Amino acid sequence: MTLDRPLEPGLALVERQIAAINRFPDQNPHPVMRMAPDGTLMYANVASAPILSVWGAAVGSRLPAEVRAGLSASLESPDAALEVACERRTFSVLAVDVPDLGFVNLYGTDITAAKAIDRFPGGNPNPVMRMSTDRRLLYANRASEPIVRALGLSVGAAFPEALGEALGAVGPESRGPISEVDADGRTYALTAVYIPEFDFINVYGTDVTARKAINKFPDQNPNPVLRVSSEGRLEYANPASLLVRKGLGLEVGDELPPELLDRIRADAEKPEGGLLEVSAEGRTYDVLVVSVFEFNFINLYGTDVTAARQVERANAENERLLLNILPASIAQRLRDGEVVIADRFDEMTVLFADVVDFTPLSARLSANQLVDLLNRVFSAFDRLADRFRLEKIKTIGDAYMVAGGLTGDGDDHPERVVEMGLAMLEEAGRLSEDVGEPLRIRVGMHVGPAIAGVIGIRKFIYDVWGDTVNTASRMESHGVPGRIQVTDITQRRLAERYDFELRGTVDVKGKGPTVTYLVSGPR
């Protein structure tokens, strides 16, 4: 079908049918337009406004020649869909000939997220804002700009009173949408999550325009649409729903599994509908469940969210890697722009542990066997550090260093450190049996003042310095295999809860004669 042939005189005879068809795309959150054979725009739904603005077109006017040329190419091949850049959003417009009615349907798909992934993998295409506990905007990413403008906000400004109260009242378990904001023709649900470690509230925006409207597509719609009958049978699915059907394991005519049908019916009863996540062949779809009560069936509308999920996974992986290097509070201070991070602690507990006779052991094992053994030992110690809420500082060869008292979570860190030391001795014994190698460790600890901070600009580390660190290291190096050696200061700090054995005076390198004790266990 060409776009420049004369308008057929008989077209007026189907006006009633067209009016009926218009009811469906009017409510569609995706752009839908209709064009006469001569290129005149006959119809456009509300969601098409950004595209029409770029084209400089309106219903009743003839589309520009370059637009008609692009749409003609789309008619020949769906792969040649016309891309339209509308400020920060990009749409793919597909032209589909409807010869029975004598016009061309134009379907727009928002591909902004996919384009964003292509341009900058680290960028989030979804709105993310940060609010202080006194309800002021601390941060907003680029995708939040429509929301920020709609709310009349700027960084440092207070949220509108009612919205700020609603977001600020979020509880530890709250995860559902709290409020909705209309911005730039879209509707966003705002979800607030309190981050207690940093004492602020993250506000996540989700485009829920589709949830606010009823989608009813014809077969040519490039977005997935399925229909479930009242009896629980898949009675319709458009070609674009192929991957959704694969993910659900269904074909048209199949009865839905009871568990899936119960879930869909429950979601359909919700005023705002419900969402299913379906994945197949590397693509992920959010499937909106909407009850069409006028016709006694349930529609399922799919939106490809693969790009958004990729961003979420990338951000989560980046966060995981960062928190493997630094304590959470230190990582946030670096994000906030602190250049020099150094903190003095009046009391810190430091523990060192190393493998006894490691040199002959390393000479006996192959490189792979040795690294595997150390990995098993240190991985077990990492789990113990998490269990006792302590901070692993580093490993040095076969030595493992951990500290307590860095995170401000109580003054019981000496008790937690000695408990970890006892657990490390038990773990070493268990691992020795598993690997069939004699594996003993020596442990030393000390309580006292120290300094902690971040050093370096490449491969930077969080480290601890001071006499407390040196003393704990000496307690380990001059210690007894299979025991925890401590100073008299540490013994007095723990004497009410633990029994000790006086080892006596030990000539400690760099400190001279030092009275030391061996931990016997809890009282």
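Residue numbers (the working numbering): 579 to 1101.
Even glycine gets a Cβ: it sits at the ideal position worked out from N, Cα and C.
Note that the structure is a prediction, hence the values are computed from the model and not measured.
Between which two residues does the alpha helix (DSSP H) harbouring residue i extend?
i: LYS972; result: Taken as a continuous stretch (DSSP letters only), LYS972 belongs to no alpha helix (DSSP H), being part of the beta strand (DSSP E) at 969–974.
i: ALA1001; result: 991–1013
i: GLY982; result: Unbroken run through GLY982 is the beta strand (DSSP E), 977–982; no alpha helix (DSSP H).
i: ASN950; result: For the record, residue 950 in the displayed sequence is Asp; it is not Asn. 945–965 is the span of the alpha helix (DSSP H), which, as asked, contains ASP950.
i: GLY1090; result: Counting along the chain, GLY1090 falls outside any alpha helix (DSSP H), though it belongs to the beta strand (DSSP E) covering 1090–1100.
i: PHE1038; result: Per DSSP, PHE1038 belongs to no alpha helix (DSSP H) and is neither H nor E.
i: THR937; result: 936–942
i: GLY825; result: 820–826
So residue i packs on residue j, CB below 8 Å; how close in whole Å?
i: LYS1087; j: ARG1061; result: The Cβ separation is near 19 Å, so there is no contact.
i: TRP633; j: VAL645; result: 5 Å
i: ARG913; j: PRO992; result: Contact flag wrong, Cβ pair sits at about 31 Å.
i: ALA728; j: VAL759; result: 6 Å
i: ASP832; j: ARG861; result: With a Cβ gap of about 21 Å, ASP832 and ARG861 do not count as contacting.
i: GLY1031; j: ASP921; result: 6 Å
i: ILE1019; j: ALA1006; result: 5 Å
i: PRO703; j: THR690; result: 6 Å
i: LEU853; j: VAL865; result: 7 Å
i: SER940; j: LEU948; result: 5 Å
Using a Cβ-Cβ cutoff of less than 7 Å, which residues in the same chain neighbour residue i once the five nearest sequence positions on both sides are dropped?
i: ILE1033; result: ILE1039, ASP1041
i: TYR621; result: ASN600, MET611, ARG612, VAL637
i: VAL726; result: ALA718
i: VAL592; result: Since pLDDT at VAL592 reaches only 47, below the 50 mark, its modelled position is unreliable, and the value read off the structure follows with that caveat. Closer than 7 Å at the Cβ level, and outside the excluded window around VAL592, lie LEU679.
i: ASP696; result: Since pLDDT at ASP696 reaches only 41, below the 50 mark, its modelled position is unreliable, and the value read off the structure follows with that caveat. Correct list: empty, nothing qualifies.
i: ASN799; result: TYR685, ASN816, ALA818
i: GLY1057; result: ARG1020, VAL1021, GLY1022, GLN1063
i: PRO1100; result: ARG1075, TYR1076
i: LEU1080; result: TYR1095
i: THR765; result: GLU758, VAL786, THR787, LYS790
i: THR927; result: ALA981, GLY982, GLY983, HIS991, PRO992, VAL995, MET1023, VAL1025
i: ALA659; result: SER652, SER670, VAL671, LEU672
i: ASP1085; result: PRO1091
By Cβ distance below 8 Å, which residues in the same chain neighbour residue i in space, the five residues on each side in sequence not counted?
i: LEU838; result: LEU826
i: ARG708; result: LEU715, LEU716, TYR717, ALA718, PHE778, ILE779, ASN780, VAL781
i: PRO587; result: Note that PRO587 scores 47 on pLDDT, short of 50, meaning its location in the model is unreliable and no value can be drawn from it.
i: THR1083; result: PRO1091, THR1092, VAL1093, THR1094
i: GLU665; result: PRO628
i: SER1098; result: TYR1076, ASP1077, PHE1078, GLU1079
i: GLU654; result: none
i: SER639; result: THR618, LEU619
i: THR668; result: GLU661, VAL662, ASP688, ILE689, THR690, LYS693
Determine which residues share a DSSP beta bridge with residue i and list them.
i: PHE778; result: SER710, ILE773
i: ILE876; result: VAL806, SER869
i: TRP1043; result: ILE1029
i: THR687; result: SER670
i: ALA920; result: GLY1031
i: ALA815; result: LEU804
i: THR1083; result: VAL1093
i: LEU834; result: Answer by DSSP bridge pairing: none, since LEU834 is not bridged.
i: GLY783; result: LEU768
i: MET611; result: ALA622, LEU684
i: THR927; result: GLY982, VAL1025
i: ARG861; result: ALA858
i: VAL883; result: Bridge partners of VAL883: none, in fact.
i: ASP932; result: ALA977, ARG1020
i: ASP1077; result: GLY1099
i: LEU715; result: MET709
Start and end of the beta strand (DSSP E) containing residue i?
i: ALA1028; result: 1019–1033
i: THR618; result: Where THR618 is concerned, there is no enclosing beta strand (DSSP E), given that its DSSP letter is neither H nor E.
i: ILE1062; result: 1062–1065
i: ALA858; result: 852–858
Kindly list the residues whose CB is nearer than 6 Å to the CB of residue i, restricted to its own chain and excluding five residues on each side of it in sequence; keep chain order.
i: THR784; result: ALA767
i: LEU828; result: LEU812
i: ASN761; result: Here residue 761 turns out to be Ala, not Asn, going by the sequence shown. Cβ within range, chain order: PRO724, ILE725, ALA728.
i: ARG805; result: GLU813, TYR814, PHE875, ASN877
i: MET979; result: PHE930, ILE971, LYS972
i: GLY742; result: ARG713
i: PHE698; result: Only weak support exists for where PHE698 lies, its pLDDT of 39 falling under 50; the value from the coordinates is given anyway. Taken in chain order, the list of residues that qualify is empty.
i: SER1106; result: Lying before the first or after the last residue shown, residue 1106 is absent from the chain, which here runs from 579 to 1101.
i: THR687; result: SER670, PRO800
If we require 3 or more residues per run, which beta strand (DSSP E) segments fall completely within the segment 717–775?
757–761, 764–773
Entirely within the segment 613–683 and at least 4 residues each: give me those alpha helix (DSSP H) ranges in chain order.
627–633, 643–654
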